[in-house]
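Per the working numbering, the very first residue in the sequence shown carries number 72; after that it's consecutive.
First the structure, in the form of structure tokens, and then the observations on it.
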Amino acid sequence: TLYHLVIGSPLESISHDGYVSIFQTPRSLLLSGFGNFQIISHGLIRNNLKDLTLGRCHKLESLPANMHMMLPSLRRLWTRDCPRLKSFPENGGFPSNLKDLTIIDCPRLVGSLKGAFTNCSSLKSLWIEKVDVKCFPDEGLLPLSLTSLSIKHFRNLEKLDYKAIHQLPSLKTLIVENCPNLRELPEEGLPKSISDLQIISCPLLKQCGREEEDED
72 TLYHLVIGSP
82 LESISHDGYV
92 SIFQTPRSLL
102 LSGFGNFQII
112 SHGLIRNNLK
122 DLTLGRCHKL
132 ESLPANMHMM
142 LPSLRRLWTR
152 DCPRLKSFPE
162 NGGFPSNLKD
172 LTIIDCPRLV
182 GSLKGAFTNC
192 SSLKSLWIEK
202 VDVKCFPDEG
212 LLPLSLTSLS
222 IKHFRNLEKL
232 DYKAIHQLPS
242 LKTLIVENCP
252 NLRELPEEGL
262 PKSISDLQII
272 SCPLLKQCGR
282 EEEDED
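In structure tokens form, the structure reads like this:
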């Protein structure tokens, strides 16, 4: 049984049928570097897939329709540098067993998160990078089941939304990294459930903290 399949190519297109006829049951699938790859064919993936990674597919616009039915076993979804990827699947949203979601440099995709987790209470870890916003997250954007949230390389982020963060009752780990314009954490404080807080390379936040200490 094939467990892990990597398909990487500098070519402008991909022929699905050739791979599907050879690789029937990969558990982990990585697709990277297909410049004109616009649609993920139903024939390319199997319902026992547990790990799907998409990278540098610059023309890919959407994830498979009816993803919750096509990929019932999917536990991890990782997307990177897919600038046209703009929406998560409708008609059911995410697979019910999805636990780990990573979105790196897919700015249009983040805006479609709201409402995407309606039927997904399994997601535990969310890692988001390179989004151009001043405040994050929006209320109701993130699933209540999250235990770990990573926010990295938000160049223009100035503050975290207090209400949105406090809507995550199970959040234990919060990582904020390389947000050079982040000036403050919520004045009202962070959820008491957080036991692991990591603030990395956020110089203005550190400076503000020192100024407050000096005033005291």
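Backbone N, C-alpha and C fix where the C-beta goes; we use that ideal spot for every residue, glycine too.
Give me the Cα-Cα distance between Cys191 and Leu145, rounded to the nearest whole angstrom. 12 Å
In the segment 142 to 217, which residue ranges form an unbroken alpha helix (DSSP H) of at least 4 residues, counting only runs that do not cross its ends? 178 to 181
Over the uninterrupted beta strand (DSSP E) stretch that includes Lys223, give me the two end residues. 219 to 223
Rounded C-beta distance between Ile174 and Pro135? I'm assuming under 8 Å. With a Cβ gap of about 16 Å, Ile174 and Pro135 do not count as contacting.
Answer yes or no: do Leu120 and Leu101 have a C-beta to C-beta separation smaller than 7 Å? no
Whole angstroms is fine: what's the gap from Ser221's alpha carbon to Met140's? 28 Å
I need the DSSP call for Ile236, collapsed to helix, strand or coil. helix
Short Cβ contact (7 Å threshold) for Ser158 with Ser183: yes
In the DSSP output, which residue or residues are listed as bridge partners for Ile271? Glu248
Straight-line gap, Lys130 to Lys170 (C-alpha atoms, nearest Å): 26 Å
Grouping DSSP H, G and I as helix and E and B as strand, with all else coil, what is Leu276? helix
Which residues does DSSP pair with Leu125 in a beta bridge? Leu102, Thr150
Bridge partners - Glu68, DSSP secondary structure assignment: Lying before the first or after the last residue shown, residue 68 is absent from the chain, which here runs from 72 to 287.
To the nearest angstrom, how far is the alpha carbon of Glu255 from that of Lys230? 6 Å
Rounded to a whole number of angstroms, what is the C-alpha to C-alpha distance between Lys223 and Pro178? 13 Å
Local Cβ density within 10 Å of Leu268, reported as buried at 16 or more and exposed below that: exposed
Please check the pair Ile270 and Leu242, which I expect to be a contact at CB under 8 Å, by giving their CB distance rounded to whole angstroms. At roughly 15 Å, the Cβ-Cβ gap does not stay under 8 Å, so Ile270 and Leu242 are not in contact.
Backbone CA spacing between Asp152 and Leu276 [nearest angstrom]: 28 Å
Report the residue from Phe225, Leu228, Thr218 whose alpha carbon sits nearest the alpha carbon of His237. Thr218
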